[in-house]
Amino acid sequence: MLTGVVAELETLRYTPAGVPLVGCLIRHESQQIEAGNPRRVSLELAAVAIGDLAQHSALSLGSHISVKGFLARKSQKSNHIVLHICSVKPV
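Under the numbering used here, the very last position in the sequence shown is 254; numbers go up by exactly one each time.
Right under this line is the structure:
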């Protein structure tokens, strides 16, 4: 699970197969304990919601969300990582 703020939100678009898709950028900031010491964590992660989730999700610019999903390459030839959102809830 990852919590954060929707920092960027793309327009809803459709794959060649007609499946709805929306991309976004999630900004996450937290403090974690690593090896017994506090560590500040800050990152921005590209994410994508596909299907019904793209059309009826809680994704809106500036919203605080909690997402669950999986990481995958942006494409087979890319080394860029994208979070594929499986569920999203407002926080």
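All C-beta atoms, glycine included, are put in the ideal place defined by N, C-alpha and C.
The DSSP-derived three-state label of residue 217 is helix. Nearest neighbour of residue 174 by Cα position, chosen from 211, 228, 252, turns out to be 211. Closest in C-alpha terms to residue 231, from the list 209, 251, 199, 181, comes 251. Here DSSP, grouped into helix, strand and coil, assigns residue 178 to coil. Shown here, residue 173 sits in coil according to DSSP, grouped into three states, outside any helix or strand.
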